[in-house]
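The sequence shown begins at 1232 in the working numbering and counts up by one.
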Amino acid sequence: MSTGTAKVEVGRARKLQSMPATAQALAAGTISTDHVDLLAKANRPWRETRFDQHEPTLVDHCRKLGFHHARKAGTRCDYRRDLTSGP
1232 MSTGTAKVEV GRARKLQSMP ATAQALAAGT ISTDHVDLLA KANRPWRETR
1282 FDQHEPTLVD HCRKLGFHHA RKAGTRCDYR RDLTSGP
């Protein structure tokens, strides 16, 4: 494994510590690492409370949607959320 790949894997593992529903879905093989990275981008410090509340629903959407559609939906949600909550 290259150093770059190792850094990505370690970073993902650290993020998964605060994302239990996401970690469970990844372990079960129902979402991909691309989905994990997408959800991790949504889990920002200023969104932490909201993310915690909505993580199971977001993971369920990732299970049902292909990555491309999940990414588009996530981008729209991020934009709306940031308009109302800000950094």
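Where is the CB? At the ideal position from N, CA and C, for every residue including glycine.
Neighbour-count burial assignment, alanine 1259, 16 or more Cβ in a 10 Å radius
exposed
Do you know how far the Cα of histidine 1292 is from the Cα of serine 1249?
19 Å
What number of angstroms, rounded off, separates the C-alpha of isoleucine 1320 from the C-alpha of leucine 1269?
The first residue shown for the chain is 1232 and the last is 1318, placing residue 1320 beyond what the model contains.
Three-state secondary structure (DSSP) at threonine 1253?
helix
Using the rule of at least 16 other Cβ atoms within 10 Å of the residue's Cβ for burial, across every protein chain shown, is threonine 1253 buried or exposed?
buried
Drop a sphere of 10 angstroms on the beta-carbon of glutamate 1240, count the other beta-carbons inside from all chains shown, and report buried for 16 or more, exposed for fewer.
exposed
Using only the alpha-carbon positions, how far apart do arginine 1243 and serine 1233 sit?
15 Å
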